[in-house]
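J.: Here it is: the structure, laid out below.
There are 2 protein chains.
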Amino acid sequence: MRFSKQRELIQDIVQRTNSHPTANWIFNKAKKEISNISLGTVYRNLSQLNKDGVINIFYDDNIARYDWNTVAHDHLKCNKCGKIIDIKLHNRELKKEVLKQYKFEAENIEITISGICENHMNFKEK
Amino acid sequence: MRFSKQRELIQDIVQRTNSHPTANWIFNKAKKEISNISLGTVYRNLSQLNKDGVINIFYDDNIARYDWNTVAHDHLKCNKCGKIIDIKLHNRELKKEVLKQYKFEAENIEITISGICENHMNFKEK
DNA sequence: ATTTAAATAGTAATGATTACTATTATTAAC
DNA sequence: GTTAATAATAGTAATCATTACTATTTAAAT
Numbered sequence: 542m543r544f545s546k547q548r549e550l551i552q553d554i555v556q557r558t559n560s561h562p563t564a565n566w567i568f569n570k571a572k573k574e575i576s577n578i579s580l581g582t583v584y585r586n587l588s589q590l591n592k593d594g595v596i597n598i599f600y601d602d603n604i605a606r607y608d609w610n611t612v613a614h615d616h617l618k619c620n621k622c623g624k625i626i627d628i629k630l631h632n633r634e635l636k637k638e639v640l641k642q643y644k645f646e647a648e649n650i651e652i653t654i655s656g657i658c659e660n661h662m663n664f665k666e667k
Numbered sequence: 542m543r544f545s546k547q548r549e550l551i552q553d554i555v556q557r558t559n560s561h562p563t564a565n566w567i568f569n570k571a572k573k574e575i576s577n578i579s580l581g582t583v584y585r586n587l588s589q590l591n592k593d594g595v596i597n598i599f600y601d602d603n604i605a606r607y608d609w610n611t612v613a614h615d616h617l618k619c620n621k622c623g624k625i626i627d628i629k630l631h632n633r634e635l636k637k638e639v640l641k642q643y644k645f646e647a648e649n650i651e652i653t654i655s656g657i658c659e660n661h662m663n664f665k666e667k
């Protein structure tokens, strides 16, 4: 794989946000630097970067989101504001349980918890 | 909501399979009974049935799958054969943990575990 | 039987993503 | 530095899942 300023820019954009952006968001950001960059280039490089383990992809409902955090982790999604929060749950026990009970060898565990985030709770004891 | 033979058929199709079918699969099945049924009718009724709590929707990567099982549950997905297996993990602790650590009120927990199913393991002690 | 509006079939539109192709630009060899 | 080979790009068209639209059909209330 050889250098391209487009790929470098795309990688930078993903790595400089915590917002789990979509391809389109990244595309719009990128256009500010390279005005004629193509959406196809964005998609191609995002999947390339993912294959190389530089960035992570996950799906929120039915659209792809990209994440600089390549360590396996989980997500909290607020039903009020749509915000997605990264968390790390310890799922060693889950793997064991699944292997024992279902004879299933877990490779990847993805936990998405939807609910209400701190800022949008009906403040009780807060 | 009033009766329609299309909706009744669609409900039957979803409730008579364990295969977590896609809208298109359901559409093709339905055509065998009602040859001129429309794909739009399938989608409209599937989301209607879901709103009414009769069936469940979840997303596998980026396509919708439908499930007669409306009780919250989790999925094992085999990377070899693509089969999706229903399981029920006890996630009461997860909810508690998330509330304590992240002040996040969990409403729905979706765990998708991908890996290798029993039939496609490299048989060791099996 | 008549009326009313919900549901449908058929088709067009949308939005995300992928594929295609002529052109551009990186890099290796001279 | 120039040239050659070919990877990557821009721009556009195509695809796939899903939703929207509209004239027609049909359930069901009167």
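Protein sequences, first through last, are from chains A and B.
Take the first sequence: its position 37, counted from the start at 1, is 578 in our numbering, and no numbers get skipped.
Take the second sequence: its position 109, counted from the start at 1, is 650 in our numbering, and no numbers get skipped.
Glycine is no exception: its CB is placed at the ideal position from the N, C-alpha and C atoms.
1. Which same chain residues, not among the five before or five after residue 567/A, have their C-beta less than 8 Å away from its C-beta?
2. Using a Cβ-Cβ cut-off of less than 8 Å, list which residues of the region 562–583 of chain B approach chain A; keep chain order.
3. I'd like to know whether the C-beta atoms of residue 620/A and residue 657/A end up nearer to each other than 8 Å.
4. Under 8 Å between C-beta atoms, does residue 666/A make it to chain B?
5. Once DSSP output is grouped into helix, strand and coil, what is the label at residue 648/B?
6. Closest Cβ-Cβ distance between residue 648/B and chain A: below 8 Å?
7. Using 10 angstroms around the beta-carbon of residue 666/B, count the other beta-carbons present and answer buried if the total reaches 16, otherwise exposed.
8. Mind listing, in chain order, the continuous alpha helix (DSSP H) runs of no fewer than 4 residues lying wholly within the region 607–653 of chain A?
9. Which chain A residues sit within Cβ distance under 8 Å of residue 603/B?
10. I'd like to check one pair, residue 626/A with residue 652/B: are the Cβ atoms closer than 8 Å?
11. To which residues does DSSP link residue 599/B through a beta bridge?
12. Just reading off the alpha helix (DSSP H) that residue 659/A is part of, what are its end residues?
13. Determine whether the Cβ of residue 547/B lies closer than 8 Å to any Cβ atom of chain A.
14. Just verifying my parser: in three-state terms, what is the DSSP assignment at residue 563/A?
15. Would you call residue 544/A buried or exposed, if buried means 16 or more other Cβ atoms sit within 10 Å of its Cβ?
16. Please report the straight-line C-alpha distance between residue 629/A and residue 618/A, rounded to a whole angstrom.
T.: Taking the definition as stated:
1. 551, 554, 555, 583, 587 and 607
2. Within the region 562–583 of chain B, no residue qualifies.
3. yes
4. Confidence is the limiting factor: at residue 666/A the pLDDT is only 46, short of 50, which leaves the residue's position unreliable, though a coordinate-based value still follows. Output row for residue 666/A: interface = no.
5. Assignment of residue 648/B by DSSP, reduced to helix, strand and coil, places it in the strand class.
6. Judged by the 8 Å Cβ criterion, residue 648/B is in contact with chain A.
7. Since pLDDT at residue 666/B reaches only 47, below the 50 mark, its modelled position is unreliable, and no value is offered.
8. 633–643
9. 600, 603, 604 and 605
10. no
11. Partner residues in the beta bridge of residue 599/B, as assigned by DSSP, are 606/B.
12. Counting along the chain, residue 659/A falls outside any alpha helix (DSSP H), and DSSP gives it neither H nor E.
13. no
14. strand
15. Exposed, by the Cβ-count rule.
16. Each residue's Cα considered, the two are about 14 Å apart.
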